[in-house]
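*Asks:*
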Amino acid sequence: MSLSILQCGRCTSKSLPSLQCGRCTGKSQSSLQCGRCTGKSLSNLVFSYLILKQATSCKSLACCGVIIAGFFLGVDQEGAAGSLSVVGVLFGVAASASVAMNSIFTKKVLPLLDNNVWRLTYYNNLNAVVLFMPLMLLSGEVPEVMHFPKIWDSTFWLYMNVGGIFGFAIGYVTGLQIQVTSPLTHNISGTAKACAQTVIACLYFQDSKPLLWWTSNAVVLGGSGAYSEVKRSEMKQQHQDALSKVAKNVEEGDSEKPLKS
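Numbering (full-length UniProt numbering), first residue to last: 1 to 261.
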């Protein structure tokens with residue numbers, strides 16, 4: 001239930017900064033993405049150590065530093081363009097803390113469910129349906145839903161169901177990624193995705209950006225790629241160490257058999 005509460009908080013807190021940032025800027029949301037990136041990275045590093053007792057290697061920390069520095073370059077350019085939203089940055093940092101806690105608690109509770117990601121996703125969605133009901137009542141969304149003009153439109157519900165299926169699939173893949181890697185790796189991949197989306201959006205809408213803004217995005221994507229290579233090498237080394245340990249135990253077991261006979 002604690003994970004489901006965090007998931008509801010994550011969904012709510014991620015929506016509020018997007019709305020606030022849109023009101024304040026009306027342009028690209030680099031300031032919001034910077035706040036989220038910085039908050040997610042720092043929150044994951046701190047909470048992973050405090051809750052999961054997982055330390056992060058120096059190489060991974062260096063890659064995270066490169067990513068954060070790249071986002072701060074982008075925020076500086078947003079300020080030069082007159083579109084920097086300090087409120088957007090603060091809301092992004094606050095939202096990212098709940099995102100980080102959600103991924104960390106996912107990693108923590110998976111062993112309690114026999115590492116079954118399907119079961120975890122099902123329980124989370126079932127609990128979220130119940131938990132969001134009071135929030136809808138308090139925010140006054142129920143009358144809005146009841147008076148929605150397309151509430152009985154079959155096409156609307158078709159799109160809603162398709163979106164729900166894809167949302168469930170994304171939730172499953174998210175849990176699977178956290179299970180086989182780490183909460184920090186999951187959030188770094190999300191950061192790279194957000195950066196790529198920002199670049200694609202600016203290209204599509206033909207926004208004029210300074211050279212340093214493009215450089216900052218290149219730094220973020222480069223740091224994300226470097227982090228992926230570092231984690232790949234670390235996971236490969238851990239796998240080799242585990243195989244060596246198993247082989248050593250097998251050899252020791254075989255050497256003890258003649259002595260027992």
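Ideal Cβ positions, reconstructed from N, Cα and C, are used throughout, including at glycine.
1. Answer yes or no: does any C-beta atom of chain B fall closer than 8 Å to that of valine 220?
2. By DSSP, does lysine 193 sit in helix, in strand, or in coil?
3. Using 10 angstroms around the beta-carbon of alanine 201, count the other beta-carbons present and answer buried if the total reaches 16, otherwise exposed.
4. Give the single residue among Lys231, Ser189 and Lys245 whose Cα lies nearest to the Cα of threonine 56.
5. May I have the straight-line CA-CA distance separating alanine 69 from valine 220, to the nearest angstrom?
6. In the DSSP assignment, the alpha helix (DSSP H) including isoleucine 170 goes from what residue to what residue?
7. Please state whether DSSP places threonine 185 in a helix, a strand or coil.
8. State yes or no: is the C-beta of asparagine 187 within less than 8 Å of the C-beta of serine 60?
9. Under three-state DSSP, which class holds asparagine 44?
10. Would you call the region 147-164 and the region 184-198 touching, i.e. three or more CB-CB distances under 8 Å?
11. Take every Cβ of the region 208-216, pair it with every Cβ of the region 167-180, and state whether three or more of those distances are shorter than 8 Å.
12. Taking the straight line between their C-alpha atoms, what separation do you get for cysteine 24 and cysteine 63?
13. Can glycine 223 and isoleucine 67 be called in contact, C-beta distance under 8 Å?
14. Roughly how many whole angstroms lie between the Cα atoms of aspartate 153 and serine 96?
15. Starting from leucine 138, follow the alpha helix (DSSP H) in both directions and report where the run begins and ends.
16. Short check: CB of isoleucine 178 to CB of lysine 107, under 8 Å?
17. On the CB-based measure, 16 or more other CB atoms within 10 Å of its CB, does glycine 190 come out buried or exposed?
18. From glutamate 251 to glutamine 238, what distance separates their C-alpha atoms?
19. Shortest alpha-carbon distance to leucine 110 belongs to which of Leu45, Ser98, Leu176 and Pro134?
20. Check each candidate in Ala247, Thr174 and Lys236 and name the one with the smallest Cα separation from asparagine 116.
21. Smallest Cα separation from methionine 101: which of Leu131, Val46, Ser139 and Asn125?
22. Please look up how many angstroms separate the CB atoms of leucine 120 and leucine 113, rounded, as I've assumed it's under 8 Å.
23. Whole angstroms is fine: what's the gap from valine 246's alpha carbon to glutamine 240's?
24. Using only alpha-carbon positions, find the residue among Val99, Val142, Gln54 and Trp118 that is nearest to tyrosine 172.
25. Leaving out five residues on either side along the sequence, give the residues of the same chain with a beta carbon under 8 Å from the beta carbon of isoleucine 151.
26. Within 10 Å of its beta-carbon, does tyrosine 204 have 16 or more other beta-carbons around it, so buried, or fewer, so exposed?
27. Got a sec? Which residues, its chain only, sit under 8 Å from asparagine 44 by beta carbon, not counting five neighbours each side?
*Replies:* The structure says:
1. Chain labels in this structure do not include chain B; a single protein chain is all it has.
2. helix
3. exposed
4. Lys231
5. 8 Å
6. 154-180
7. helix
8. no
9. helix
10. no
11. no
12. The predicted model places cysteine 24 with a pLDDT of 47, which falls under 50 and marks its position as unreliable, so this point remains unresolved.
13. yes
14. 36 Å
15. 117-139
16. yes
17. buried
18. 20 Å
19. Leu176
20. Thr174
21. Val46
22. 5 Å
23. 10 Å
24. Trp118
25. Val145
26. exposed
27. Ala100, Ser103, Ile104, Pro183, Leu184 and Asn187
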